[in-house]
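First residue of the sequence shown? That's 1 in UniProt numbering, and the numbers climb one at a time after it. In what follows, a single structure is set out as structure tokens and then discussed.
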Amino acid sequence: MGQAFRCYQVDQSNVAIKEHFGKFSDVLEPGCHCLPWCLGYQIAGGLSLRVQQLDVRCETKTKDNVFVTVVASVQYRAVADKASDAFYRLTNTREQIQSYVFDVIRASVPKLELDSVFEQKNDIAKSVEEELEKAMSTYGYEIVQTLIVDIEPDVNVKRAMNEINAAARLRLAANEKAEAEKILQIKKAEGEAESKYLSGLGIARQRQAIVDGLRDSVLAFSENVPGTSAKDVMDMVLVTHTLTP
Numbered sequence: 001m002g003q004a005f006r007c008y009q010v011d012q013s014n015v016a017i018k019e020h021f022g023k024f025s026d027v028l029e030p031g032c033h034c035l036p037w038c039l040g041y042q043i044a045g046g047l048s049l050r051v052q053q054l055d056v057r058c059e060t061k062t063k064d065n066v067f068v069t070v071v072a073s074v075q076y077r078a079v080a081d082k083a084s085d086a087f088y089r090l091t092n093t094r095e096q097i098q099s100y101v102f103d104v105i106r107a108s109v110p111k112l113e114l115d116s117v118f119e120q121k122n123d124i125a126k127s128v129e130e131e132l133e134k135a136m137s138t139y140g141y142e143i144v145q146t147l148i149v150d151i152e153p154d155v156n157v158k159r160a161m162n163e164i165n166a167a168a169r170l171r172l173a174a175n176e177k178a179e180a181e182k183i184l185q186i187k188k189a190e191g192e193a194e195s196k197y198l199s200g201l202g203i204a205r206q207r208q209a210i211v212d213g214l215r216d217s218v219l220a221f222s223e224n225v226p227g228t229s230a231k232d233v234m235d236m237v238l239v240t241h242t243l244t245p
């Protein structure tokens, strides 16, 4: 009796497809299963329920005639309740997903200019995911997530973009340098004006002090020498200043 049965182990996160004389019979869940092979039961194969990832590189052209390579990352898995569809209806799941990704990207990107492709990559990813979900659900697969992970312009275009960005950075640096020099010149002029103002103020105060001292001297001389007026003293000062070599 023991030779009439075979034990088959199904690992965690997997299912096995059971057939009876070549016809689908049941989906076996994780665990140990005994199959009466002598009665025509056998395991046709296994199916993983784990999330799988497929990176698809698709070359296409934008509306402004720039060739780009769009890299889409698709995460998908087989649905346990539809394991028979996932096992029997598709020969190559990855090729099927890749074909749908190509169709959507090559239909979406040519409508957009290069800058818009970068700006709307999330919208493109959403379109890809919706189309995949609609198509792959009939085959027993669920699309977990779809991302546009990279957009690579043609090498020559990328080089031109780098040169444009470099030129823009140089212009910005030159403008900032000119603005800094302008500020320095303004500050320098303000400093010179302030210096001249303070210098003039000092000279004015010096002359005022001389005048005040001369006035005090004239008044003191007039008081100490009877009969002399302030005018007499000033005349004497002028004569002395004139005769002094």
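Using N, Cα and C, we set each Cβ at its ideal position, and we do this for glycine too. Keep in mind the model is a prediction, meaning the values are calculated, not measured.
Let me know if residue i comes out buried or exposed under the rule of 16 or more other beta-carbons within 10 Å of its beta-carbon.
i           : result
Val155      : exposed
Thr138      : exposed
Ala193      : exposed
Tyr41       : buried
Thr91       : exposed
residue 256 : The requested residue 256 is not part of the displayed model; the chain covers only 1 to 245.
Gly140      : buried
Can you tell me which of the three DSSP states residue i falls into?
i      : result
Leu114 : helix
Asp150 : strand
Val79  : coil
Glu29  : coil
Arg89  : coil
Gly140 : coil
Gly22  : coil
Gly46  : strand
Gln185 : helix
Asp11  : coil
Gln120 : coil
Look at residue i and residue j and say whether their C-beta atoms are less than 9 Å apart.
i      : j      : result
Val144 : Val70  : no
Val109 : Ala72  : no
Leu54  : Arg89  : no
Ile151 : Val56  : no
Tyr76  : Glu142 : yes
Cys32  : Gln9   : yes
Would residue i count as contacting chain C if we go by Cβ distances under 9 Å?
i      : result
Glu113 : The question asks about chain C, but that chain is absent: this structure has only one protein chain.
If you scan the segment 48-74 from start to end, which runs of the beta strand (DSSP E) of 3 or more residues do you find wholly inside it?
-> 52-61
Is it a yes or a no for the segment 34-50 touching the segment 11-23, going by three-plus beta-carbon pairs under 8 Å?
-> The answer is yes - the segment 11-23 touches the segment 34-50, with three or more Cβ pairs under 8 Å.
Does the segment 91-107 come within contact of the segment 180-197, defined as at least 3 CB pairs closer than 8 Å?
-> no
Between the segment 81-88 and the segment 113-123, are three or more C-beta pairs nearer than 8 Å?
-> Short answer: they don't touch.
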